[in-house]
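What follows is a single structure, written as structure tokens, with notes after it.
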Amino acid sequence: MPNCRTVVVKELPESVTLHHIPDLCREIVPLARVDWPCLVFDFSNVRELDRAGVEVLLLTMEEAVKRNGDLKLAAVPPQIVVILELTRVDRLFEIFDTCAEAVDSFHSFPVRAFDKPSKLPAASAAQEIGLYRA
Amino acid sequence: MQVSAVLVVDDRCLSSTASNAELAYTGRSDNKSRSVACSEIFGESLLTRTVKQLRGAGIETISVVGASIYPLSKFGAGITRVAAARSCECWSEAQREVLRLKAQGSQTVLMIGVSAYVEWQVEELLRFHFAHGMPLTQVHDAQGPLEIWAVNSKWFSTAAVGCTLPFRYGEFPGLPVACIIGGYVNRLADAAGFRRLVRDGFLARSETRPLCKEIRPGVWVEDGARIHKSARLVAPVYIGAGAKIGASAVITRFSNVERNSTVGAGTVVDSASILSDTELGAGLELSGTVLEGNMLLDVRRNVALCIHDPNLIRDIGARYQPAIPSRRQIERSMQAFAFSDSGFFFRAAGRLSEVLFR
Chain A
0 MPNCRTVVVK ELPESVTLHH IPDLCREIVP LARVDWPCLV FDFSNVRELD
50 RAGVEVLLLT MEEAVKRNGD LKLAAVPPQI VVILELTRVD RLFEIFDTCA
100 EAVDSFHSFP VRAFDKPSKL PAASAAQEIG LYRA
Chain D
0 MQVSAVLVVD DRCLSSTASN AELAYTGRSD NKSRSVACSE IFGESLLTRT
50 VKQLRGAGIE TISVVGASIY PLSKFGAGIT RVAAARSCEC WSEAQREVLR
100 LKAQGSQTVL MIGVSAYVEW QVEELLRFHF AHGMPLTQVH DAQGPLEIWA
150 VNSKWFSTAA VGCTLPFRYG EFPGLPVACI IGGYVNRLAD AAGFRRLVRD
200 GFLARSETRP LCKEIRPGVW VEDGARIHKS ARLVAPVYIG AGAKIGASAV
250 ITRFSNVERN STVGAGTVVD SASILSDTEL GAGLELSGTV LEGNMLLDVR
300 RNVALCIHDP NLIRDIGARY QPAIPSRRQI ERSMQAFAFS DSGFFFRAAG
350 RLSEVLFR
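Just so you know, the sequences run in chain order A and D. Here numbering that gives the first Met the number 0 is used: position 77 in the first sequence is 76, and no number is missing along the way. Here numbering that gives the first Met the number 0 is used: position 268 in the second sequence is 267, and no number is missing along the way.
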């Protein structure tokens with residue numbers, strides 16, 4: 000589980016397209032090829048994304064997951080979300096509104112399952128959390 | 000009484016109404032037939048439908064004023080095409096055209112701005128216009144005025160010379176007289192409006208219902224369409240003439256694939272409109288969108304997106320065709336990852352399809 004590791008935020012350029020991929024790969028590959036890589040891609044400047052760019056995201060994700068890490072996306076503009084949906088990869092990534100939220104998600108305990116009101120009595124729910132943390 | 004018509008077609012596109020229209024316009028393919036008036040719905044454009052309606056009402060002298068060349072080959076005879084230098088000059092050209100028609104003997108001219116889908120009766124408007132004896136009548140619906148006028152050409156050539164078109168209230172006292180209609184109206188103000196019109200056509204709420212062969216209940220396929228045997232068409236859908244649907248593609252939920260468009264293998268088209276001469280790549284998912292050439296309009300977010308990657312979406316009607324990067328080119332650009340096979344993208348998409356459509 001990638002917890003309390005150094006999170007690297009990578010700001011992506013305006014165009015994540017075929018012609019810009021070689022330069023981008025040179026920067027991304029060292030980040031993804033460490034133990035437990037925790038990566039956040041900041042999409043706030045991205046205006047253009049093509050199939051090659053989507054493939055880079057998937058390859059980075061694959062590399063990170065192979066090393067017990069994760070890749071999360073932040074500040075993705077609506078037009079880029081449209082591309083991610085079109086290429087059916089939106090459901091493979093966790094997408095956050097801001098980089099801070101994405102970074103926090105690496106540090107916080109994965110308690111999303113407990114966000115919803117539990118049907119169990121309070122005491123037993125606390126016990127479960129305790130067991131899980133132990 | 001001689002009646003003629005002047006149709007004014009501007010270059011307004013659906014993408015011009017999106018929230019990021021200015022940004023999206025950069026790199027848009029140069030295809031003039033992408034205006035709202037020329038966008039086909041179930042094989043017929045707004046312009047063609049209007050011409051057909053006027054011909055049905057016995058109006059033979061029709062002028063089409065626009066800045067582009069529009070496909071009206073079926074109605075070539077009797078139609079005068081008037082080219083405006085720019086889209087904003089269409090109405091001033093229309094003004095000159097009315098004067099020309101008056102000189103030819105037309106007493107009443109119907110001026111129509113072809114930008115909204117309106118179900119109205121020509122005879123009803125003319126009857127109303129003549130009964131009131133006023134020189135200018137405008138069609139209204141419950142939401143307000145529409146760009147359809149009946150004009151007395153004699154009055155136009157004398158009292159109205161120099162007025163700015165389209166006609167506005169207050170320019171002439173008591174004019175235009177409002178003729179209220181109760182038929183179906185869709186102003187096609189944005190991509191959502193366009194999708195609503197398609198949906199209403201399928202549900203027979205409007206007269207835009209597909210007229211071609213219904214191969215199964217709710218599945219309309221025009222002659223010349225090629226559908227792979229493993230493709231799934233889930234009603235209601237429409238496939239236009241010359242369209243190609245690839246292997247394992249799924250077309251569903253009020254989707255229309257118009258003339259000469261292509262849907263790649265394994266692509267899912269759900270609640271979307273693919274306008275004519277558009278190529279959609281393989282392994283994609285299109286939901287709640289309108290595709291016009293290389294422009295993608297997301298109805299939910301109201302954003303337009305110009306896609307330059309021909310592997311995803313391509314305007315096959317455009318004069319300029321960007322080169323499609325080969326698989327080898329993509330692989331070469333990703334050599335830093337040192338993968339012998341970079342088909343992960345397709346593998347991931349394939350696995351997801353298996354899970355979703357099991």
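Beta carbons: idealized from backbone N, C-alpha and C, even for Gly.
Do A/C37 and A/T59 have their beta-carbon atoms positioned less than 8 Å apart in this structure?
Residue numbering aside, residue 59 of chain A sits at position 60 when the first sequence is read from its first letter. Residue numbering aside, residue 37 of chain A sits at position 38 when the first sequence is read from its first letter. No; because the gap between Cβ atoms is not below 8 Å, this pair is not in contact.
Can you tell me whether D/A149 is buried or exposed, with buried defined as 16 or more other CB within 10 angstroms of its CB?
As a working mapping, residue 149 of chain D is identified with position 150 in the second sequence. Buried, since its Cβ has 16 or more Cβ neighbours within 10 Å.
Residue interval of the alpha helix (DSSP H) (run including D/T277)
In the second sequence, residue 277 of chain D corresponds to position 278, counting from 1. Per DSSP, D/T277 belongs to no alpha helix (DSSP H); it is in the beta strand (DSSP E), 277-279.
Along the segment 235-269 of chain D, what residues have a CB closer than 9 Å to any CB found in chain A?
V267
Please look up how many angstroms separate the CB atoms of A/S14 and A/R46, rounded, as I've assumed it's under 8 Å.
By 1-based counting over the first sequence, the position of residue 14 of chain A is 15. By 1-based counting over the first sequence, the position of residue 46 of chain A is 47. 7 Å between Cβ atoms; contact.
Looking only at its chain, what residues have a beta carbon closer than 7 Å to the beta carbon of D/M133, apart from the 5 residues adjacent to it on each side?
Stepping through the second sequence from its first residue, residue 133 of chain D is reached at position 134. Only L174, V176 meet the Cβ criterion.
Segment limits, beta strand (DSSP E) that includes D/Q137
Locating residue 137 of chain D in the second sequence gives position 138, where the first residue counts as 1. Per DSSP, D/Q137 belongs to the beta strand (DSSP E) from 135-140.
A/L72 at chain D interface by Cβ criterion, 8 Å
Stepping through the first sequence from its first residue, residue 72 of chain A is reached at position 73. It does not; no Cβ of chain D falls within 8 Å.
Roughly how many angstroms lie between the CA atoms of D/S275 and A/S104, to the nearest whole one?
For the purposes of this step, residue 275 of chain D is taken as the residue at position 276 of the second sequence. For the purposes of this step, residue 104 of chain A is taken as the residue at position 105 of the first sequence. So the alpha carbons of these two residues sit roughly 44 Å apart.
Suppose the cutoff is 8 Å on Cβ atoms and the five residues either side in sequence are ignored; what does the same chain contact list for A/K71 look like?
Here residue 71 of chain A refers to the residue found at position 72 of the first sequence. Contacts found: L38, V39, F40, F92, E93, I94, F95, A101, S104, F105.
For a test of the three-state rule: what should DSSP assign to A/V6, helix, strand or coil?
Against the first sequence, residue 6 of chain A aligns to sequence position 7. Correct three-state label for A/V6: strand.
Would you call D/V5 buried or exposed, if buried means 16 or more other Cβ atoms sit within 10 Å of its Cβ?
The residue labelled residue 5 of chain D in the question sits at position 6 within the second sequence. The residue in question, D/V5, is buried, as its Cβ has 16 or more Cβ neighbours within 10 Å.
Take D/K212 and list the residues in its own chain whose beta-carbon comes closer than 8 Å to its own, dropping the five residues that flank it on each side.
The sequence position of residue 212 of chain D within the second sequence is 213, counting from 1. So the qualifying residues of the chain are W219, V220, E221, D222.
Would you please verify whether the beta carbon of D/L285 is less than 8 Å from any beta carbon of chain A?
Here residue 285 of chain D refers to the residue found at position 286 when the second sequence is read from its first residue. With 8 Å as the cut-off, D/L285 counts as an interface residue toward chain A.
Out of curiosity, what's the CA-to-CA distance linking D/L145 and D/S114?
On the second sequence, position 146 is the one that residue 145 of chain D refers to. On the second sequence, position 115 is the one that residue 114 of chain D refers to. Those two C-alpha atoms are separated by around 10 Å.
Are any of the Cβ atoms in chain D nearer than 8 Å to that of A/E13?
Mapped onto the first sequence, residue 13 of chain A falls at position 14. It does not; no Cβ of chain D falls within 8 Å.
Can you find a C-beta in chain A that's less than 8 Å from the C-beta of D/R300?
Within the second sequence, the letter at position 301 stands for residue 300 of chain D. Yes, contact with chain A.
Any idea if D/K51 is buried or exposed, counting beta-carbon neighbours within 10 angstroms, 16 or more meaning buried?
Taking the first residue of the second sequence as position 1, residue 51 of chain D is located at position 52. Flag for D/K51 reads exposed.
Enumerated in chain order, which unbroken segments of the beta strand (DSSP E) with a length of 3 residues or greater are wholly contained in the segment 3-56 of chain A?
6-10, 37-41
Taking 8 Å as the CB-CB cut-off, is D/L13 touching chain A?
The residue you call residue 13 of chain D lines up with position 14 of the second sequence. Between D/L13 and chain A, the shortest Cβ-Cβ separation is not below 8 Å.
Among residues of its own chain, excluding the 5 on either side of A/N44, which ones have a beta-carbon nearer than 7 Å to its beta-carbon?
The residue you call residue 44 of chain A lines up with position 45 of the first sequence. Cβ within range, chain order: E10, L11, P12, E13.
Which residues does DSSP list as the beta-bridge partners of D/E123?
As a first step, residue 123 of chain D must be located in the second sequence, where it is residue number 124. Beta-bridge pairing links D/E123 to no other residue.
Note down the Cα distance separating D/I306 from A/V80, rounded to an integer number of angstroms.
Mapped onto the second sequence, residue 306 of chain D falls at position 307. Mapped onto the first sequence, residue 80 of chain A falls at position 81. Spanning the two alpha carbons is a distance of roughly 13 Å.
For D/T288, name the three-state secondary structure that DSSP assigns.
Numbered from 1 along the second sequence, position 289 holds the residue referred to as residue 288 of chain D. Three-state result, D/T288: strand.
Excluding the five sequence neighbours on either side, which residues of its own chain have a C-beta within less than 6 Å of the C-beta of D/L283, listed in chain order?
Counting from one through the second sequence, the residue named residue 283 of chain D turns up at place 284. Same-chain partners within the cutoff: T266.
D/S15, DSSP secondary structure in three states
Position 16 of the second sequence, counted from the first residue, corresponds to residue 15 of chain D. In the structure shown, D/S15 sits in a helix (DSSP, three-state: H, G or I).
Return no unless some Cβ of chain A is closer than 8 Å to the Cβ of D/N293.
Numbered from 1 along the second sequence, position 294 holds the residue referred to as residue 293 of chain D. It does not: the Cβ of D/N293 has no partner Cβ on chain A nearer than 8 Å.
If you draw a straight line from the alpha carbon of D/Q1 to that of D/Q106, how long is it in whole angstroms?
Here residue 1 of chain D refers to the residue found at position 2 of the second sequence. Here residue 106 of chain D refers to the residue found at position 107 of the second sequence. In this structure, the CA atom of D/Q1 is about 6 Å from the CA atom of D/Q106.
Of all Cβ atoms in chain A, is any one closer than 8 Å to the Cβ of D/D314?
On the second sequence, position 315 is the one that residue 314 of chain D refers to. By this cut-off, D/D314 is not an interface position.
Along the segment 29-45 of chain A, what residues have a CB closer than 8 Å to any CB found in chain D?
none
Once DSSP output is grouped into helix, strand and coil, what is the label at D/L164?
Here the question's residue 164 of chain D lines up with position 165 in the second sequence. Assigned with DSSP and collapsed to three states, D/L164 falls in coil, not helix or strand.
Could you tell me the distance, in whole angstroms, from the CA atom of A/M0 to the CA atom of A/L83?
For this step, residue 0 of chain A is matched to residue 1 along the first sequence. For this step, residue 83 of chain A is matched to residue 84 along the first sequence. Residue confidence is low: A/M0 scores 46 on pLDDT, short of 50, so the model does not pin down where it sits. Its coordinate-derived value is still stated next. Straight-line Cα distance between these residues: approximately 26 Å.
Who are the neighbours of D/H128 on chain A, taking C-beta pairs under 7 Å?
Position 129 of the second sequence, counting from 1, holds the residue named residue 128 of chain D. Those within 7 Å of D/H128 in chain A number zero; the least Cβ separation is about 46 Å.
Contact list for D/L311 against chain A, beta-carbon separation under 8 Å:
For the purposes of this step, residue 311 of chain D is identified with residue 312 of the second sequence, where counting begins at 1. By Cβ distance, chain A contributes D49, R50, I82, L85, T86.
CA nearest to the CA of D/T60, picked from D/L98, D/V108, D/S205:
Taking the second sequence and counting its residues from 1, the one referred to as residue 60 of chain D is at position 61. Among D/L98, D/V108, D/S205, the Cα nearest to that of D/T60 belongs to D/V108.
Is it true that the CB of D/D269 sits closer than 8 Å to the CB of D/L285?
Here residue 285 of chain D refers to the residue found at position 286 when the second sequence is read from its first residue. Here residue 269 of chain D refers to the residue found at position 270 when the second sequence is read from its first residue. For D/L285 and D/D269, yes; Cβs fall inside 8 Å.
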